[in-house]
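Colleague:
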Amino acid sequence: MELWILFGSFAVLLLIGTPVAFCLGISSLMTVLYLGMPPVIVFQRLNSGVSVFALMAIPFFIFAGELMVRGDIARRLVALAGAAVGHLRGGLGQVNITASVMFGGISGSAAADASAIGGLMIPQMKERGYGVDYAVNVTVVSSIIALMIPPSHNMIIYSISAGGRISIADLFTAGIIPGFLLALSLMMAAWWVARSRGYPTEAFPGWAALGWLFANAIPGLLLIGIIFFGVRSGVFTASESSCIAAVYALVVTVLAYRTMTWENFTASTFAAVRTTAMVLLVIGCAASFGWLMAFLKVPAEMVALLRGVSDNPIVILLLINVALLFLGTFMDMSPLIVITTPIFLPVATAFGVDPVHFGVILILNLGIGLCTPPVGAVLFVGCAVGRISVWDAIKTIWPFYGAAMAVLMLVTYVPAFSLWLPSLFH
38 MELWILFGSF AVLLLIGTPV AFCLGISSLM TVLYLGMPPV IVFQRLNSGV SVFALMAIPF
98 FIFAGELMVR GDIARRLVAL AGAAVGHLRG GLGQVNITAS VMFGGISGSA AADASAIGGL
158 MIPQMKERGY GVDYAVNVTV VSSIIALMIP PSHNMIIYSI SAGGRISIAD LFTAGIIPGF
218 LLALSLMMAA WWVARSRGYP TEAFPGWAAL GWLFANAIPG LLLIGIIFFG VRSGVFTASE
278 SSCIAAVYAL VVTVLAYRTM TWENFTASTF AAVRTTAMVL LVIGCAASFG WLMAFLKVPA
338 EMVALLRGVS DNPIVILLLI NVALLFLGTF MDMSPLIVIT TPIFLPVATA FGVDPVHFGV
398 ILILNLGIGL CTPPVGAVLF VGCAVGRISV WDAIKTIWPF YGAAMAVLML VTYVPAFSLW
458 LPSLFH
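If you count the sequence shown from 1, you need to add 37 to reach our numbering.
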């Protein structure tokens with residue numbers, strides 16, 4: 038009965054449009070009251086859920102990303118990507134994906150990527166005769182590359198949800214090859230769609246122009262190396278690297294590029310505070326929800342249930358993927374990481390899956406969910422920027438979904454894509 042109250046109340050609240058954080062908190066409170074426990078337990082668990090030092094990295098990474106978005110970094114990266122890959126078939130689509138790779142290594146946020154890159158690329162693509170659905174689809178699906186490569190704050194949330202036992206440096210490293218693999222597959226899909234629709238290519242500006250644009254983008258690109266190699270080498274922790282990233286982003290935009298105005302700085306600060314508040318409230322409420330699931334032995338029952346279905350790891354991983362893809366269509370990413378990690382991580386490890394490998398599977402699954410209706414947050418951002426309905430976008434998004442799903446299957450069943458690069462640092 039307790040599980041019916043916990044999950045039933047959560048589902049009802051979600052269906053009537055209650056914000057996810059309140060869904061988690063209220064359903065936890067109702068279950069605690071039914072169990073006869075003191076209600077203060079919910080608030081204690083909420084407090085303990087956000088009182089984790091590693092979470093300090095999230096607001097500073099978000100702040101660094103906001104500074105970069107408003108500090109003209111995105112435009113410079115788009116210009117560099119245009120010079121490098123614009124001459125390929127479907128030129129501006131290829132530019133969009135390549136820019137997402139570079140900007141994702143700075144922002145670590147799919148929504149920020151879709152907003153910044155989409156705001157620059159979608160109008161240009163429409164002017165050059167590209168279909169608005171194509172422009173939006175490329176922008177939306179390529180934005181999830183930001184979730185895979187450093188500094189993905191969702192990797193940090195996964196590490197904390199797993200009890201803090203998984204190295205954030207290993208997770209950052211593990212997502213790099215899958216992230217580039219996703220970019221390559223999306224570029225192939227963009228090429229195929231552009232070829233079938235007869236979209237043009239861009240003229241190659243020459244090596245001199247490419248070199249100048251690269252030099253112009255170096256201050257922004259250096260942030261990627263500072264974050265990754267600093268954390269990977271152990272020079273500083275993920276929390277310390279986030280502070281360094283924020284300071285560096287401010288220095289670059291104020292002194293190097295001279296593009297940061299006081300209005301943009303205050304807008305970046307308020308946006309970072311607002312996003313951080315929402316993320317931490319969701320994490321805290323999800324921590325209460327997750328504690329109740331552990332108390333009610335949901336993970337153990339899930340392991341037993343799936344063992345009853347099959348003893349084949351291939352089948353089990355397929356079932357987990359299906360479950361995560363389904364859940365990702367209804368909930369945002371941060372609460373799902375906190376909720377599903379305690380449930381599915383024990384199942385995966387029971388079948389011999391490495392926790393770092395499972396983290397990459399989880400993040401990619403839920404990233405695809407961000408592009409999927411009815412609650413695809415990144416899909417909504419892309420459609421708003423492109424001024425197109427969600428229905429018109431998803432009618433032609435399937436080649437890009439197919440590319441992302443192919444990468445998900447490769448990452449799921451070929452652990453070396455996730456584990457080879459981290460193994461080089463051990």
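Beta carbons: idealized from backbone N, C-alpha and C, even for Gly.
1) Which residues bound the alpha helix (DSSP H) around residue 112?
2) Use the C-beta contact count for residue 299: other C-beta atoms within 10 angstroms, 16 or more gives buried, fewer gives exposed.
3) Excluding five sequence neighbours on each side, which residues of the same chain lie with their C-beta closer than 6 Å to the C-beta of residue 185?
4) Quick one: any contact between the segment 83 to 96 and the segment 190 to 200, if contact means 3 or more CB pairs under 8 Å?
5) Can you name, in chain order, every residue of its own chain whose Cβ lies under 8 Å from the Cβ of residue 456, other than the five neighbours on each side?
6) How many angstroms separate the CA atom of residue 52 from the CA atom of residue 44?
7) With a cut-off of 8 Å, do at least 3 Cβ pairs link the segment 124 to 135 to the segment 143 to 152?
8) Tell me, to the nearest whole angstrom, how far the beta carbon of residue 286 is from that of residue 101; I am working on the premise that it is less than 8 Å.
9) To the nearest whole angstrom, what separates the beta carbons of residue 434 and residue 86, a pair I think is in contact under 8 Å?
10) Identify, in the order they occur along the chain, each residue of the same chain with its Cβ nearer than 8 Å to the Cβ of residue 152, setting aside the five sequence neighbours on each side.
11) Between the segment 65 to 75 and the segment 301 to 320, do three or more beta carbon pairs fall short of 8 Å?
12) By Cβ distance below 8 Å, which residues in the same chain neighbour residue 380 in space, the five residues on each side in sequence not counted?
13) Between the C-alpha atoms of residue 444 and residue 81, what's the straight-line distance to the nearest angstrom?
14) Quick one: using the 10 Å Cβ neighbour count with 16 as the cut-off for buried, is residue 459 buried or exposed?
15) Considering Cα atoms alone, identify which of 108, 64, 157 is closest to residue 301.
16) Assign residue 271 to one of three DSSP states: helix, strand, or coil.
17) Assign residue 103 to one of two classes, buried (16 or more other C-beta atoms within 10 Å of its C-beta) or exposed (fewer than that).
18) Between residue 428 and the rest of its own chain, which residues show a CB-CB distance below 8 Å, the 5 nearest in sequence each way excluded?
19) Please name the residue in 237, 236, 251 whose C-alpha comes closest to that of residue 243.
20) Under 8 Å Cβ to Cβ from residue 79, same chain only, skipping five residues before and after it: list those, please.
21) Could you check what DSSP says for residue 189 in three-state terms: helix, strand or coil?
22) Along the chain, where does the alpha helix (DSSP H) containing residue 322 start, and where does it finish?
23) If I'm right that residue 90 touches residue 279 with Cβ under 8 Å, what's the distance once you round it to whole angstroms?
24) Got a sec, what are the start and stop residues for the alpha helix (DSSP H) residue 423 sits in?
25) Could you tell me the distance, in whole angstroms, from the CA atom of residue 365 to the CA atom of residue 235?
26) Exposed or buried, which one is residue 139 when buried takes at least 16 other CB atoms within 10 Å?
27) Expressed to the nearest angstrom, what Euclidean distance is found between the alpha-carbon atoms of residue 177 and residue 166?
28) At the level of alpha carbons, what is the spacing between residue 472 and residue 239?
29) Which whole-angstrom value is the C-beta distance of residue 261 and residue 407, which I expect to be below 8 Å?
30) Identify whether residue 368 lies in helix, strand or coil by the three-state DSSP scheme.
31) Spatial neighbours of residue 136 within its chain, please: CB distance less than 6 Å, with the 5 preceding and 5 following residues excluded, ordered by chain position.
32) Just verifying my parser: in three-state terms, what is the DSSP assignment at residue 163?
33) Can you grab the Cα-Cα spacing for the pair residue 448 / residue 290, in whole Å?
34) Please report the straight-line C-alpha distance between residue 454 and residue 426, rounded to a whole angstrom.
35) With the cut-off set at 8 Å, would you say residue 200 and residue 171 are in Cβ contact?
36) For the alpha helix (DSSP H) that contains residue 39, what are its first and last residues?
Modeller: Let's see:
1) Position 75 of the sequence shown, counting from 1, holds the residue named residue 112. Counting along the chain, the alpha helix (DSSP H) containing residue 112 begins and ends at 110 to 122.
2) By one-based count along the sequence shown, residue 299 stands at place 262. Residue 299 is exposed by the Cβ-count criterion.
3) Looking up residue 185 in the sequence shown gives position 148. For residue 185, where only same-chain residues beyond five positions count, the Cβ hits under 6 Å are 212, 215, 216.
4) yes
5) The sequence position of residue 456 within the sequence shown is 419, counting from 1. Excluding residues within five positions, the ones whose Cβ falls inside 8 Å are 211, 391, 393, 394.
6) What you label residue 52 is simply residue 15 of the sequence shown in a count that begins at 1. What you label residue 44 is simply residue 7 of the sequence shown in a count that begins at 1. So the two alpha carbons sit approximately 12 Å from each other.
7) no
8) Reading the sequence shown from its first residue, position 249 is the one you call residue 286. Reading the sequence shown from its first residue, position 64 is the one you call residue 101. That belief holds up - the Cβ atoms of residue 286 and residue 101 are roughly 4 Å apart, short of 8 Å.
9) Position 397 of the sequence shown, counted from the start, is the residue given in the question as residue 434. Position 49 of the sequence shown, counted from the start, is the residue given in the question as residue 86. Contact doesn't hold; Cβ gap of about 35 Å is too wide.
10) The count along the sequence shown starts at 1 and reaches residue 152 at position 115. Taken in chain order, the residues that qualify are 106, 418, 422.
11) no
12) By one-based count along the sequence shown, residue 380 stands at place 343. Cβ neighbours of residue 380 beyond the five flanking positions: 330, 335, 336, 339.
13) Translated into the one-based positions of the sequence shown, residue 444 becomes position 407. Translated into the one-based positions of the sequence shown, residue 81 becomes position 44. C-alpha separation (whole angstroms): 40 Å.
14) Taking the sequence shown and counting its residues from 1, one reaches residue 459 at position 422. Buried, since its Cβ has 16 or more Cβ neighbours within 10 Å.
15) As a position in the sequence shown, residue 301 is number 264, starting the count at 1. Residue 108 is the option with its Cα nearest to residue 301.
16) Locating residue 271 in the sequence shown gives position 234, where the first residue counts as 1. DSSP places residue 271 in coil when its eight states are reduced to three.
17) For this step, residue 103 is matched to residue 66 along the sequence shown. By the 10 Å Cβ count, residue 103 comes out buried.
18) As a first step, residue 428 is located in the sequence shown; it is residue number 391 there, counting from the start. Nothing meets the Cβ criterion.
19) Taking the sequence shown and counting its residues from 1, one reaches residue 243 at position 206. Comparing Cα positions, the closest option is 251.
20) Here the question's residue 79 lines up with position 42 in the sequence shown. Excluding sequence neighbours, residue 79 sits near 62, 65, 66, 69, 325.
21) Sequence index remark: in the sequence shown, residue 189 carries index 152 (1-based). Reduced to three states, the DSSP call for residue 189 is coil.
22) Position 285 of the sequence shown, counted from the first residue, corresponds to residue 322. Element bounds for residue 322: 299 to 332.
23) Counting from 1 along the sequence shown, the entry for residue 90 is found at position 53. Counting from 1 along the sequence shown, the entry for residue 279 is found at position 242. That pair is no contact at about 12 Å.
24) The count along the sequence shown starts at 1 and reaches residue 423 at position 386. Its alpha helix (DSSP H) spans residues 414 to 423.
25) In the sequence shown, counting from the first residue as 1, residue 365 sits at position 328. In the sequence shown, counting from the first residue as 1, residue 235 sits at position 198. Using only the alpha carbons, I get a separation of about 34 Å.
26) Here residue 139 refers to the residue found at position 102 of the sequence shown. Its Cβ being crowded by 16 or more others within 10 Å, residue 139 is buried.
27) As a first step, residue 177 is located in the sequence shown; it is residue number 140 there, counting from the start. As a first step, residue 166 is located in the sequence shown; it is residue number 129 there, counting from the start. Roughly 19 Å between the two C-alpha positions.
28) Since the first and last residues shown for the chain are 38 and 463, residue 472 lies out of range.
29) Translated into the one-based positions of the sequence shown, residue 261 becomes position 224. Translated into the one-based positions of the sequence shown, residue 407 becomes position 370. About 22 Å separates the two Cβ atoms, so there is no contact after all.
30) Within the sequence shown, numbered from 1, the residue matching residue 368 stands at position 331. In the structure shown, residue 368 sits in coil (DSSP, three-state: anything other than H, G, I, E or B).
31) Residue mapping note: residue 136 aligns to position 99 of the sequence shown, counting from 1. 114, 115, 118, 154, listed in sequence order.
32) Taking the sequence shown and counting its residues from 1, the one referred to as residue 163 is at position 126. Looking at residue 163 - three-state DSSP - the assignment turns out to be helix.
33) The sequence position of residue 448 within the sequence shown is 411, counting from 1. The sequence position of residue 290 within the sequence shown is 253, counting from 1. Cα to Cα, residue 448 sits roughly 36 Å from residue 290.
34) Along the sequence shown, one-based indexing puts residue 454 at 417. Along the sequence shown, one-based indexing puts residue 426 at 389. Rounded to the nearest angstrom, the two C-alpha atoms are 36 Å apart.
35) One-based indexing of the sequence shown puts residue 200 at position 163. One-based indexing of the sequence shown puts residue 171 at position 134. No, Cβ-Cβ distance for residue 200 and residue 171 is not below 8 Å.
36) As a position in the sequence shown, residue 39 is number 2, starting the count at 1. First-last of the alpha helix (DSSP H) with residue 39: 39 to 52.
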